[in-house]
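**Q**
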Amino acid sequence: MLSKRIIPCLDVRDGRLTKGVKFLGNADIGDPVEMAARYYDAGADELVFYDITASAEGRGIMLEVVRRVADQVFIPFAVGGGLASVSDMYKALAAGADKVSVNSAAVKNPDLIAEGARQFGSQCIVLGMDVRRTAVSGRIPSGYEVVINGGRTPAGLDALVWAGQGQTLGAGEICLNSIDADGTQNGYELTLTGLVGAAVSIPVIASGGAGRPEHIGQVLSQAQADAALIASMTHYGYYTIAQIKEYLAHQGLPVRGQW
Amino acid sequence: MIAIVDYEAGNLTSVWRAFTALGVPAVITGKGEEILAADRVVFPGQGHAGAGMASLSRLGLDEVLRTVFRRGIPLLGICLGAQIVLDHSEESDTACLGLLAGKALRFPENHSDAQGRRLKVPHMGWNDLKIRQVHPVLEGIPDWAQFYFVHSYYPEPEQERHTVAQSSFGFAFASVLAYENLVATQFHPEKSGRPGLRLLANFASWSGK
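Chains as they are written, first to last, in the working numbering: chain A, 10 to 268; chain B, 131 to 339.
1. Determine, using beta carbons only, whether B/Arg262 comes closer than 7 Å to chain A.
2. Just checking: is the beta-carbon of A/Ala79 within a distance shorter than 7 Å of some beta-carbon in chain B?
3. Counting only the same chain and skipping the five closest in sequence on each side, list residues whose C-beta sits under 7 Å from that of A/Ala46.
4. Give the secondary structure of B/Asn332 by DSSP, where H, G and I count as helix, E and B as strand, and everything else as coil.
5. Is there a C-beta anywhere in chain B that falls below 7 Å from the one on A/Val30?
6. Are any of the Cβ atoms in chain B nearer than 7 Å to that of A/Phe83?
7. Tell me, to the nearest whole angstrom, how far the beta carbon of B/Val313 is from that of B/Phe333; I am working on the premise that it is less than 8 Å.
8. Anyone know if the C-beta pair for B/Arg328 and B/Ile261 falls short of 7 Å?
9. Quick one: using the 10 Å Cβ neighbour count with 16 as the cut-off for buried, is B/Ala167 buried or exposed?
10. Give the residues from the region 87-107 of chain A that approach chain B closer than 9 Å (Cβ to any Cβ), ordered along the chain.
11. Please name the residue, chosen from A/Gly226, A/Gly192, A/Leu204, that lies closest to A/Ala240 on a Cα-to-Cα basis.
12. Given that a residue counts as buried once 16 or more other Cβ atoms are within 10 Å of its Cβ, and exposed if not, what is B/Ser335?
13. Look at A/Leu238 and A/Ile183 and say whether their C-beta atoms are less than 7 Å apart.
14. Just verifying my parser: in three-state terms, what is the DSSP assignment at A/Ser94?
15. Compute the beta-carbon to beta-carbon distance between A/Cys110 and A/Val88, rounded to the nearest angstrom, for a pair I have assumed lies under 8 Å.
16. Expressed to the nearest angstrom, what Euclidean distance is found between the alpha-carbon atoms of A/Tyr245 and A/Asn158?
17. Name the two residues that bound the continuous beta strand (DSSP E) containing B/Val171.
18. Alpha carbon to alpha carbon, how far is A/Ser187 from A/Val209?
19. Taking the beta carbon of A/Lys31 as the centre, do at least 16 other beta carbons fall within 10 Å, making it buried, or is it exposed?
20. Using 8 Å for Cβ pairs, my map puts B/Val198 next to B/Leu205. What's the rounded Cβ distance?
21. Mind pulling the chain A residues with CB within less than 7 Å of B/His292?
22. Looking at B/Leu216 and the ligand GTP, is the gap between the Cβ and the nearest heavy atom below 6 Å?
23. Determine, for A/Leu262, whether the minimum Cβ-Cβ distance to residues of chain B falls below 7 Å.
24. Taking 7 Å as the CB-CB limit, is A/Asn35 close to chain B?
25. Return the bridge partner residues of B/Leu307 from the DSSP annotation.
26. Can you tell me the Cα-Cα spacing of A/Asp60 and A/Leu166, whole angstroms?
27. Mind listing, in chain order, the continuous alpha helix (DSSP H) runs of no fewer than 4 residues lying wholly within the region 188-219 of chain A?
28. Taking the CB atoms as reference points, tell me whether A/Gln3 and B/Val145 lie closer together than 7 Å.
29. Tell me whether the beta-carbon of B/Gly232 lies closer than 7 Å to the beta-carbon of B/Pro287.
30. Assign B/Met254 to one of three DSSP states: helix, strand, or coil.
31. Return the residues of the region 171-195 of chain A that lie within a Cβ-Cβ distance of less than 8 Å from chain B, sorted by chain order.
32. Checking contacts by CB at 7 Å: is A/Pro212 closer than that to chain B?
33. Is DSSP giving A/Tyr59 helix, strand or coil here?
34. Pop quiz: B/Gln316 and B/Pro285 are said to be a contact at Cβ under 8 Å. What is the actual Cβ separation, rounded to whole angstroms?
35. Throw me the rounded Cβ distance for the A/Ala104 and A/Ala144 pair, which I believe falls under 8 Å.
36. Under the assumption that A/Ile211 contacts B/Lys321 (Cβ atoms under 8 Å), give the Cβ distance between them as a whole number of angstroms.
Pasting the structure below:
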């Protein structure tokens, strides 16, 4: 039986690990390669790296991080953040990433998804979506709007419509981040996750708001997410992956309980 | 030396990295003579069966792989490689290598489990194995082990005796196949943590018998 995936997300800037709370006030908490190896040992099912570096120099450092992770971590991992072209995707995949995640760049240029899927296969292409609750309108019928540029700019795009388009263009998976829930540790946005999950037939990774194992249980069962992204709750040692999986297994959810 | 067959179908470095971490010498190559001179051959692949077969024939590697198989060189197919060794794939109605009798079929459009819950295709993530037959490549793999899958088509060997292990996604399908010196996994052992590395280490010492 297919297991639900628990995916720690590592934000990286200039080759160092950070964790943003509502994208502000990042605190440096260490070496991403070391953290990745620790998560591999601890039973993470997959990893995501978001490169929040702005400079070209930082990007080069990130590729080196990807190479070093790929040498010692034998579970799938995705790289996202600032990938704006097929050539950027190629560099990350060639360095050893299994998947690339595109977000703002795909909103600005949807063809990036199609091009990436054609060249590398849909299984490599994750559509990252940052979404914020807004007033229901003709343009945003679901009341959930896609935002870009790290959550700062409303894209004028309905989240459900964009998810469907992303799938049609060739995305193999959607990583759905709620800006409202992100950093709160009060639980995932269950309504949004359920709506997007029902709108597409590709797997959905829920992101934003995880604070306790119960939150993960809710988003995987009630909102039927296929995977849950986590950060602070394990980065800072409040919980281990094993504790989370033990809780989920106890709730009757299929997990990879030993590794 | 293990030859990892490069036929321009996806990223092969992760298989190479896994062997390297195990201390097993491996080389990524698309050269026929290098592949035929190897002790063992790994045939990975991701993406599209039609495109994969087209690349193989354009590079002349279809015949090389048939020769590898005929000569008894241990051969490991991974993911798309586990489908291309069959006779045929439903994906673009593609004639494949025909090393093992069977075909690759697509998971149904509206796939669901026994409880009627919708199953999303591709089958992406970790799943377990029901081992049907003893095989040297699965030696020491614990019952609880899970492996990483990502695929929309699944292998269906013609003969039951070629199914070494099954996995369940709505129904049971063959996730490890074997016939003579060929073994093939629908999952990615190179991305399946320690159980996957164990499988690769087993392959690296398998005689093919």
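Even for Gly, the Cβ is constructed at its ideal location relative to N, Cα and C.
**A** Looking at the coordinates:
1. The residue you call residue 262 of chain B lines up with position 132 of the second sequence. No, no contact with chain A.
2. Your numbering for residue 79 of chain A matches position 70 in the first sequence. Yes, its Cβ sits closer than 7 Å to a Cβ of chain B.
3. Walking along the first sequence from the start, residue 46 of chain A turns up at place 37. Here the set comprises Gln81, Val82.
4. Position 202 of the second sequence, counting from 1, holds the residue named residue 332 of chain B. DSSP places B/Asn332 in helix when its eight states are reduced to three.
5. Within the first sequence, residue 30 of chain A is the residue found at index 21, counting from 1. Interpretation of A/Val30 is limited by its pLDDT of 39, a score under 50 that renders its predicted location unreliable; the figure taken from the coordinates is listed afterwards. No - not a single Cβ of chain B is within 7 Å of the one on A/Val30.
6. Locating residue 83 of chain A in the first sequence gives position 74, counting from the first residue. So, interface residue.
7. The residue labelled residue 313 of chain B in the question sits at position 183 within the second sequence. The residue labelled residue 333 of chain B in the question sits at position 203 within the second sequence. Rounded, the Cβ-Cβ distance is 7 Å, consistent with contact.
8. Taking the first residue of the second sequence as 1, we reach residue 328 of chain B at position 198. Taking the first residue of the second sequence as 1, we reach residue 261 of chain B at position 131. No, the pair does not count as a contact, with Cβ atoms beyond the cut-off.
9. One-based indexing of the second sequence puts residue 167 of chain B at position 37. B/Ala167 should be labelled exposed.
10. Leu102, Ala103, Ala104, Gly105, Ala106, Asp107
11. Looking up residue 240 of chain A in the first sequence gives position 231. The shortest Cα separation from A/Ala240 among A/Gly226, A/Gly192, A/Leu204 belongs to A/Gly192.
12. Translated into the one-based positions of the second sequence, residue 335 of chain B becomes position 205. It is exposed - the Cβ of B/Ser335 has fewer than 16 other Cβ atoms within 10 Å.
13. On the first sequence, residue 238 of chain A is found 229 positions in, with the first residue counted as 1. On the first sequence, residue 183 of chain A is found 174 positions in, with the first residue counted as 1. Not a contact, by the Cβ cut-off of 7 Å.
14. For the purposes of this step, residue 94 of chain A is taken as the residue at position 85 of the first sequence. Residue state, collapsed to three classes: coil.
15. The residue labelled residue 110 of chain A in the question sits at position 101 within the first sequence. The residue labelled residue 88 of chain A in the question sits at position 79 within the first sequence. Checking the displayed sequence, the identity of residue 110 of chain A turns out to be Ser instead of Cys. Contact between A/Ser110 and A/Val88 holds, with the beta-carbon distance rounding to 7 Å and staying under 8 Å.
16. Start at 1 with the first residue of the first sequence, and residue 245 of chain A comes out as number 236. Start at 1 with the first residue of the first sequence, and residue 158 of chain A comes out as number 149. When rounded, the distance between both Cα atoms is 26 Å.
17. Within the second sequence, the letter at position 41 stands for residue 171 of chain B. Segment 170-173, the beta strand (DSSP E) holding B/Val171.
18. Locating residue 187 of chain A in the first sequence gives position 178, where the first residue counts as 1. Locating residue 209 of chain A in the first sequence gives position 200, where the first residue counts as 1. The alpha-carbon atoms of A/Ser187 and A/Val209 are separated by roughly 17 Å.
19. Position 22 of the first sequence, counted from the first residue, corresponds to residue 31 of chain A. Confidence is the limiting factor: at A/Lys31 the pLDDT is only 33, short of 50, which leaves the residue's position unreliable and the question unanswerable from this model.
20. Start at 1 with the first residue of the second sequence, and residue 198 of chain B comes out as number 68. Start at 1 with the first residue of the second sequence, and residue 205 of chain B comes out as number 75. At roughly 6 Å, the Cβ-Cβ gap stays under 8 Å, so B/Val198 and B/Leu205 are in contact.
21. Start at 1 with the first residue of the second sequence, and residue 292 of chain B comes out as number 162. Chain A residues near B/His292: none, gap ~23 Å exceeds 7 Å.
22. Because no ligand of any kind appears in the structure shown, any question about the ligand GTP cannot be addressed here.
23. Reading the first sequence from its first residue, position 253 is the one you call residue 262 of chain A. No, because no Cβ of chain B sits closer than 7 Å to the Cβ of A/Leu262.
24. Counted from its first residue, the first sequence places residue 35 of chain A at position 26. Any reading at A/Asn35 must be qualified, since the residue scores a pLDDT of 45, below 50, and its modelled position is unreliable; the value itself is stated next. No, its Cβ sits nowhere closer than 7 Å to a Cβ of chain B.
25. Taking the second sequence and counting its residues from 1, the one referred to as residue 307 of chain B is at position 177. Looking at the DSSP assignment, B/Leu307 forms a beta bridge with B/Thr293, B/Ala314.
26. Against the first sequence, residue 60 of chain A aligns to sequence position 51. Against the first sequence, residue 166 of chain A aligns to sequence position 157. So the alpha carbons of these two residues sit roughly 24 Å apart.
27. 199-208
28. Because chain A is modelled from 10 through 268, residue 3 of chain A falls outside the range shown and cannot be assessed.
29. Reading the second sequence from its first residue, position 102 is the one you call residue 232 of chain B. Reading the second sequence from its first residue, position 157 is the one you call residue 287 of chain B. Yes, the pair counts as a contact, with Cβ atoms nearer than the cut-off.
30. The count along the second sequence starts at 1 and reaches residue 254 of chain B at position 124. Looking at B/Met254 - three-state DSSP - the assignment turns out to be strand.
31. Gly181, Glu182
32. Stepping through the first sequence from its first residue, residue 212 of chain A is reached at position 203. Using a CB distance cut-off of 7 Å, A/Pro212 counts as an interface residue toward chain B.
33. On the first sequence, residue 59 of chain A is found 50 positions in, with the first residue counted as 1. In this structure, A/Tyr59 counts as strand in the three-state DSSP scheme.
34. Taking the second sequence and counting its residues from 1, one reaches residue 316 of chain B at position 186. Taking the second sequence and counting its residues from 1, one reaches residue 285 of chain B at position 155. B/Gln316 to B/Pro285, Cβ: 6 Å. Contact.
35. Within the first sequence, residue 104 of chain A is the residue found at index 95, counting from 1. Within the first sequence, residue 144 of chain A is the residue found at index 135, counting from 1. The Cβ separation is near 42 Å, so there is no contact.
36. Start at 1 with the first residue of the first sequence, and residue 211 of chain A comes out as number 202. Start at 1 with the first residue of the second sequence, and residue 321 of chain B comes out as number 191. Contact flag wrong, Cβ pair sits at about 19 Å.
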